[in-house]
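**Student:** Those protein sequences? They're chains H and R, same order as listed. 67 is the number that our numbering gives to position 67 of the first sequence; each next residue is one higher, with no gaps. 246 is the number that our numbering gives to position 246 of the second sequence; each next residue is one higher, with no gaps. I'd like to ask you about the structure that follows.
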Amino acid sequence: MKKKSISLAIKKTFFQYYSVFLILFVWEVISRSGVIHPVLLPPVSKIVVRFFELLFFGKLLYHTGQSMFRMWIGLGLATLVGVPLGIMMARFVVVRSFMEPLLSLGFPIPKIGIYPVLIIFFGVLHFSKIALIFIESTFPIIMATFNGALFVEQKLIWSAESMGTKKQKILWKVILPLTLPHIFMGFRVGLIVSLIVVFLSEMIASAEGLGHLMMSSSRVFRSADMFVAIGMISFLGLLFDRIFLSLRRKALKWHPEAALY
Amino acid sequence: MLKENRILYTVLSPVILFVLWEGLSRAGVISSEILPPFTTSLYGSCQLVASKEFSKHLLASSYRWAIGFSISLVLSIPIGIYMARSKRLYNFLDPLLTLTYPVPKAAMIPILMLWMGAGDLPKVTVIVIGCFIPLVISAYHGAQGVETSLIWSARAMGIGERAVLFRIILPASLPTIFSGIRMALAISLIVVLGSEMIARQSGLGYYLFNSLEMGLYEMTYSVLIIISGIGLFLDAIFSLVMRKVLVWA
Chain H
1 MKKKSISLAI KKTFFQYYSV FLILFVWEVI SRSGVIHPVL LPPVSKIVVR FFELLFFGKL
61 LYHTGQSMFR MWIGLGLATL VGVPLGIMMA RFVVVRSFME PLLSLGFPIP KIGIYPVLII
121 FFGVLHFSKI ALIFIESTFP IIMATFNGAL FVEQKLIWSA ESMGTKKQKI LWKVILPLTL
181 PHIFMGFRVG LIVSLIVVFL SEMIASAEGL GHLMMSSSRV FRSADMFVAI GMISFLGLLF
241 DRIFLSLRRK ALKWHPEAAL Y
Chain R
1 MLKENRILYT VLSPVILFVL WEGLSRAGVI SSEILPPFTT SLYGSCQLVA SKEFSKHLLA
61 SSYRWAIGFS ISLVLSIPIG IYMARSKRLY NFLDPLLTLT YPVPKAAMIP ILMLWMGAGD
121 LPKVTVIVIG CFIPLVISAY HGAQGVETSL IWSARAMGIG ERAVLFRIIL PASLPTIFSG
181 IRMALAISLI VVLGSEMIAR QSGLGYYLFN SLEMGLYEMT YSVLIIISGI GLFLDAIFSL
241 VMRKVLVWA
């Protein structure tokens with residue numbers, strides 16, 4: 001009985017993702033048949049083989065580790081700064097009127113342009129990349145938290161206050177939980193943004209990391225390795241996103257609109 | 001009184017930022033080689049805009065951006081709307097969009113240059129690809145959210161398929177499409193600059209990094225000011241167009 005349901009599940013995923021398999025198949029055939037030179041478009045199977053070769057005999061794990069270290073430090077700092085700042089913006093008019101013009105001024109600016117300046121200040125090692133990731137991912141987190149905390153119903157805060165709840169407890173028991181869905185939304189955007197930015201910054205100036213792997217392979221025309229690098233970062237993006245979504249579903253079980261998450 | 005305060009506050013933080021920049025540099029707290037004063041950088045940007053060498057790169061970037069962005073608009077909005085109408089297209093495209101969503105698009109520039117050579121084609125293509133997903137998804141969600149009763153009542157009044165598309169579905173999904181365009185706008189600027197920083201042939205991204213590598217830090221700041229100006233300018237134009245188009249919303 002159980003075996004049957006597993007095979008059914010496999011069948012279902014296959015049909016759901018049939019276009020992906022179709023494209024991978026066409027890709028393989030075109031590349032193998034030589035219509036497009038395999039250097040330009042290496043066959044999928046060769047990319048998979050190269051992936052395992054780089055994983056076990058190459059430095060794929062090292063490069064991935066470097067990228068992940070930078071990304072998670074940057075994203076972590078952005079969350080640590082962005083969430084309190086967003087809540088403070090919603091609670092205190094002074095903070096809000098100070099931050100709002102900076103945010104609306106900074107939001108439309110392509111932050112990657114700041115990267116050279118960060119290199120001038122912090123050098124080409126970890127620091128400049130972490131700073132860029134921090135700047136890029138902190139914007140969506142602040143904005144989302146601010147918007148969420150702004151719409152916490154005043155009635156709820158009042159009723160908590162009238163029951164004698166202390167200021168600090170109101171923050172932890174009323175404001176923060178009600179803002180949580182929005183914080184998660186901002187974090188999700190920041191997650192993808194930080195992955196993209198770490199890869200780009202490593203391609204532009206770095207001696208390690210997945211972006212560097214892509215760049216160094218492109219210089220010597222190892223095209224399969226290029227696909228391994230870009231595939232790895234995209235896979236990690238999907239993986240983190242999925243893990244995050246399931247964590248969010250657990251964390252928001254109590255929420256009245258839980259079905260939405 | 002309150003209104004005056006508001007204006008004061010709005011101007012206050014940017015002014016503090018610029019004064020801090022100017023002051024730290026002038027006072028020598030941060031060496032002016034690393035952080036040239038704001039006024040000097042601003043003057044430098046004015047000089048750059050007037051120079052022939054820089055305007056060549058500025059033109060190259062804006063020309064590629066304009067073509068790439070327009071192609072993406074024309075291509076992806078119909079696809080998104082059609083995705084909402086046709087289950088078959090949705091089943092085909094949706095898994096592809098989900099899987100390619102986290103791919104760093106600007107990072108594809110080396111692969112695209114391998115395929116298309118070193119000219120403008122890969123650089124335009126990377127912009128088209130970068131804007132594609134947010135535009136398709138927003139158009140899809142916009143068209144998906146159109147109330148079916150609106151379409152039914154229009155049909156009941158004997159309106160043809162085409163008119164339903166242009167007079168009901170398209171206008172009703174415009175607000176969502178516009179939020180997608182805003183996202184695509186931000187992404188397109190990142191893709192333009194990022195891909196030019198990676199490919200280093202011409203354009204603003206190239207110019208910015210070139211100034212860094214030649215140690216002309218003053219110029220780096222001047223270019224950064226211009227880039228920020230462009231970002232703000234495009235966003236302002238976008239808001240203006242949106243307000244004009246969505247007057248009824």
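All C-beta atoms, glycine included, are put in the ideal place defined by N, C-alpha and C.
1) What is the DSSP secondary structure of R:MET1, reduced to helix, strand or coil?
2) Using a Cβ cut-off of 8 Å, pull out every chain R residue sitting near H:MET214, in sequence order please.
3) Looking at H:LEU156: is its Cβ nearer than 7 Å to the Cβ of H:VAL174?
4) Quick one, which of H:LEU55, H:GLY74 and H:HIS255 has its alpha-carbon nearest H:LEU191's?
5) From the beta carbon of R:PHE92, is the nearest beta carbon of chain H less than 7 Å away?
6) For R:THR125, count neighbouring C-beta atoms within 10 Å of its own C-beta (all shown protein chains included) and say buried if the count is 16 or more, exposed if not.
7) Under DSSP, the alpha helix (DSSP H) around H:SER194 begins and ends at which residues?
8) Here's a check: name, in chain order, each residue in its chain whose Cβ is nearer than 8 Å to the Cβ of H:ILE240, leaving out the five neighbours to either side.
9) Helix, strand or coil: how does DSSP classify R:THR176 here?
10) Nearest by alpha-carbon distance to H:SER217: which of H:GLN16, H:ILE47 and H:TRP27 is it?
11) At 8 Å on the CB atoms, spell out the chain R contacts of H:ILE109, in chain order.
12) Name the two residues that bound the continuous alpha helix (DSSP H) containing H:TYR18.
13) Of all the residues that make up the segment 193 to 210 of chain H, which are near chain A by a beta-carbon distance shorter than 7 Å?
14) Three-state secondary structure (DSSP) at H:PHE69?
15) Name the residue from R:ARG200, R:ARG243 and R:VAL191 whose alpha carbon lies nearest to the alpha carbon of R:PRO175.
16) Which runs of the alpha helix (DSSP H) fall wholly inside the segment 69 to 156 of chain H and span at least 4 residues, in chain order?
17) On the CB-based measure, 16 or more other CB atoms within 10 Å of its CB, does R:PHE132 come out buried or exposed?
18) Could you tell me whether any Cβ in chain R is nearer than 7 Å to the Cβ of H:SER33?
19) At 9 Å on the CB atoms, spell out the chain H contacts of R:PHE38, in chain order.
20) Quick check for students: name the residue ranges of the beta strand (DSSP E) that lie wholly in the segment 152 to 218 of chain R, counting only runs of 3 or more.
21) Please identify the residue among H:SER159, H:LYS166 and H:THR179 whose C-alpha is closest to the C-alpha of H:MET143.
22) Between R:LEU150 and R:ARG162, what straight-line distance do the alpha-carbon atoms span, to the nearest angstrom?
**Tutor:** Taking the geometry as given:
1) Summary for R:MET1: the model assigns pLDDT 42, below 50, so the residue's position carries little reliability; its value from the coordinates is reported in the next sentence. Three-state result, R:MET1: coil.
2) Neighbours of H:MET214 on chain R, chain order: ALA107 and PRO110.
3) yes
4) H:GLY74
5) Interface residue (Cβ-Cβ distance to chain H less than 7 Å): R:PHE92 is classified as such.
6) buried
7) 176 to 204
8) This sequence places Phe at residue 240 of chain H; Ile is not what is there. The answer, listed in chain order, is LEU191 and LEU195.
9) helix
10) Checked all of H:GLN16, H:ILE47 and H:TRP27; the closest Cα to H:SER217 is H:ILE47.
11) ILE227, SER228, GLY231 and LEU232
12) 18 to 33
13) Of the protein chains in this structure, namely H and R, none is chain A.
14) helix
15) R:ARG243
16) Within the segment 69 to 156 of chain H, the complete alpha helix (DSSP H) runs of at least 4 residues are 93 to 106, 115 to 122 and 126 to 150.
17) buried
18) no
19) The premise fails here: R:PHE38 is roughly 13 Å from chain H at the closest Cβ pair, so nothing lies under 9 Å.
20) none
21) H:THR179
22) 15 Å
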